[in-house]
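Asks: Have a look at this one before I ask anything.
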């Protein structure tokens with residue numbers, strides 16, 4: 008792995024880390040419940056990006072399945088919470 | 002597995018895609034923190050869901066294709082899955098937010114086809 012790619016991976020991971028911290032700040036201080044759900048969804052997507060970048064860094068295919076699982080669980084949890092906010096219960 | 006077999010121009014392209022994805026994720030998180038109002042914040046967080054995920058997945062496809070000398074296109078599943086699930090989540094969350102802000106009496110558009118013509 009060349010120095011250019013290593014530096015780019017380090018820069019991208021730093022950006023994702025700062026983005027995760029900012030999103031977590033919105034998660035903790037969000038004025039309404041839907042803001043918190045949106046911030047949690049963004050946290051899931053940030054984790055997905057971090058996992059994919061680590062997969063490139065360590066040249067391993069194992070990270071791909073983890074990223075797929077994070078995508079699925081993020082969708083299910085965000086949809087369930089949006090349904091709860093809309094109707095007051097998840098499964099009617 | 003020897004990572005040094007990847008040609009330099011592919012590594013440079015992967016690096017550019019990763020940096021673009023990181024910058025867009027950072028801008029989206031900054032917008033999520035700074036924008037006023039929930040619907041503006043949804044606009045900001047869509048950046049990560051589209052450009053951030055697309056760029057990092059394309060970088061992954063490119064790098065693993067060059068590393069293993071075959072078409073490693075399996076990461077495309079993430080793009081397909083995201084492009085199906087993100088609109089569903091967005092629409093459900095927007096409807097929930099609209100419903101809750103109407104309940105709270107905020108200044109949001111009234112429901113279409115409702116039975117209250119006085120709310121026009």
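Protein chains in written order, with our numbering: chain S, 8 to 99; chain X, 2 to 121.
Every residue, glycine too, gets a C-beta built ideally from N, C-alpha and C.
1. If you measure beta-carbon to beta-carbon, which residues of the segment 59 to 85 of chain X are closer than 7 Å to chain S?
2. Which residue marks the beginning of the alpha helix (DSSP H) containing residue 88(X), and which one marks its end?
3. On a CA-only basis, which of 87(X), 97(X), 88(X) and 91(X) is nearest residue 97(S)? Give me that one, please.
4. Quick one: which chain S residues come within Cβ less than 7 Å of residue 19(X)?
5. Near residue 72(S), which residues of its chain fall below 7 Å by C-beta distance, leaving aside the five closest residues on each side in sequence?
6. By alpha-carbon positions, which one of 54(X), 69(X), 38(X) and 11(X) ends up nearest to residue 107(X)?
7. Does the beta-carbon of residue 43(X) have 16 or more other beta-carbons within 10 angstroms, so that it is buried, or is it exposed?
8. Mark residue 71(X) as exposed unless 16 or more other C-beta atoms lie within 10 angstroms of its C-beta, in which case mark it buried.
9. Take residue 61(S) and list the residues in its own chain whose beta-carbon comes closer than 7 Å to its own, dropping the five residues that flank it on each side.
10. Against chain S, with Cβ distances strictly below 8 Å, would residue 101(X) count as a contact?
11. For residue 11(S), does the three-state DSSP call read helix, strand or coil?
12. Mind the definition here: the segment 46 to 62 of chain S touches the segment 20 to 33 of chain S only if three or more C-beta pairs lie below 8 Å; say whether that holds.
13. Between which residues of its own chain and residue 64(X) is the CB-CB distance below 6 Å, once the five residues before and five after are set aside?
14. For residue 37(X), which three-state DSSP category applies?
15. Note down, in chain order, all residues in the segment 41 to 61 of chain X with a beta-carbon under 8 Å from any beta-carbon belonging to chain S.
16. Residue range of the alpha helix (DSSP H) that residue 54(S) falls in?
Replies: The structure says:
1. 60, 61, 64, 68, 75, 76, 78, 79, 82 and 83
2. 77 to 104
3. 97(X)
4. 15, 16, 19 and 60
5. none
6. 38(X)
7. buried
8. exposed
9. 70
10. yes
11. helix
12. yes
13. 15
14. coil
15. 42, 43, 46, 49, 50, 53, 54, 57, 58, 60 and 61
16. 40 to 65
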